[in-house]
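> Going by the numbering used here, the sequence shown runs without a break in its numbering and finishes at 218. Even glycine gets a Cβ: it sits at the ideal position worked out from N, Cα and C. If you're wondering where the values come from, they're calculated on a predicted model, not measured in any experiment. Sharing a structure with you now.
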Amino acid sequence: MTTTTSPLFDELLSYTKELEQNFDSIPKERKDKLRSLSEYLSGKWNSNQTPKAIIICTHNSRRSHLGQLWLAVGADHYGFPEIETFSGGTEATAFHPNAVNAVRRAGFNVEAEDPDASNPEYQISWKVEMEAYKAFSTRFDESPNPTKEFAAIMVCSEADQGCPFVPGTDFRLALPFEDPKAFDGTDLQDAKYDERCKQIGTEMLFVMSNVELK
5 MTTTTSPLFD ELLSYTKELE QNFDSIPKER KDKLRSLSEY LSGKWNSNQT PKAIIICTHN
65 SRRSHLGQLW LAVGADHYGF PEIETFSGGT EATAFHPNAV NAVRRAGFNV EAEDPDASNP
125 EYQISWKVEM EAYKAFSTRF DESPNPTKEF AAIMVCSEAD QGCPFVPGTD FRLALPFEDP
185 KAFDGTDLQD AKYDERCKQI GTEMLFVMSN VELK
């Protein structure tokens, strides 16, 4: 990894440093999968290419958005060159408000012109000098998602089984996370969404911490 000063917002930087302390808790089998993504990204950067990665789950509403954001944050945190991250689903719904709130609690800046729309477009940032990410729900095979030479990371078993073939990908990884949706409307709702945000953040940061540039 590189050793530049992290540009993240102060609150998010503190959150990120806490997540880095959790690397040892990742199971070995899981680490091996994550390192394969590190090697893919390393290969792209070392070939002077901008890596592209799409995180896919069924509804593109929770886990896939978290994965997309944390992969991009990890690249900035460790000072790597440009990376293009995307998220998509086997169907489009909306970036779920509970997941949006978990992102806010982590320290991201999140704004939406019309949060009551059926599929709101959120403007998300994590450092001062950046063009805000536009986060909304899409199918994995629709614009603006990539069409060739990209990594496809499947973060739910349903999407992995439902997409036996992702056209254009040159790297595919099954990396399922439990869905916090089961806790919607319960007393554990926020805690479970925060738990999943932290787990996905920890693993995406681990990926970036293992990238090696020549």
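Can you give me the Cβ contacts of Lys35 inside the same chain, cut-off strictly under 6 angstroms, excluding the 5 residues immediately before and after it?
Within the same chain, and ignoring the five residues on either side of Lys35 in sequence, no residue has its Cβ closer than 6 angstroms to its Cβ.
> My understanding is that Arg66 touches Asp198, with C-beta atoms under 8 angstroms, so please give their C-beta distance in whole angstroms.
With a Cβ gap of about 12 angstroms, Arg66 and Asp198 do not count as contacting.
> Does the region 143 to 154 touch the region 120 to 132, meaning 3 or more C-beta pairs lie closer than 8 angstroms?
no
> Enumerate in chain order the residues of its own chain whose CB-to-CB distance from Leu177 is below 8 angstroms, with the five nearest sequence positions on each side excluded.
So the qualifying residues of the chain are Lys37, Ser40, Leu41, Ala155, Ala156, Ile157 and Met158.
> When you compare the CB positions of Phe210 and Phe84, do they come within less than 8 angstroms of one another, or not?
no
> Assign Gly189 to one of two classes, buried (16 or more other C-beta atoms within 10 Å of its C-beta) or exposed (fewer than that).
exposed
> Per DSSP, which one or two residues make a beta bridge with Ala155?
Ala57 and Phe175
> Give the list of continuous alpha helix (DSSP H) stretches no shorter than 4 residues that lie fully inside the region 84 to 125.
101 to 110
> Looking at Gly47 and Met208, is the spacing between their C-beta atoms short of 8 angstroms?
The answer is no: Cβ separation not under 8 angstroms.
> Is it right to say Tyr19 is buried, meaning 16 or more other beta carbons lie within 10 angstroms of its own, or is it exposed?
buried
> Quick check: the Cα distance between Phe140 and Phe169, rounded to an integer number of angstroms?
23 angstroms
> May I ask which residues mark the beginning and end of the alpha helix (DSSP H) holding Tyr197?
Per DSSP, Tyr197 is one residue of the alpha helix (DSSP H) stretching across Gln193 to Ser213.
> Using only CA atoms, which one of Met212, Lys138, Pro184 and Asp194 lies nearest to His63?
Pro184
> In the region 12 to 46, which residue ranges form an unbroken alpha helix (DSSP H) of at least 4 residues, counting only runs that do not cross its ends?
14 to 24
> Out of Gly166, Asp14 and Glu43, which has the shortest C-alpha to C-alpha gap to Lys218?
Glu43
> May I ask which residues mark the beginning and end of the alpha helix (DSSP H) holding Ala76?
Arg67 to His81
> Measuring alpha carbon to alpha carbon, tell me which of Asn113, Lys138 and His69 ends up nearest Ile59.
His69
> Looking only at its own chain, which residues have a Cβ that is under 7 angstroms from the Cβ of Phe187, when we skip the five neighbours before and after it?
Gln193 and Lys196
> So the candidates are Asp14, Ile204 and Gly166; which of them puts its Cα closest to the Cα of Gly93?
Gly166
> Return the Cβ separation of Thr142 and Ala106 in integer angstroms, given the expectation that the two are a contact with Cβ distance under 8 angstroms.
Rounded, the Cβ-Cβ distance is 20 angstroms, inconsistent with contact.
> Under 8 angstroms, do Glu24 and Thr54 count as touching if we go by C-beta distance?
no
> On the DSSP bridge assignment, give the partners of Ala139 in chain order.
Tyr126
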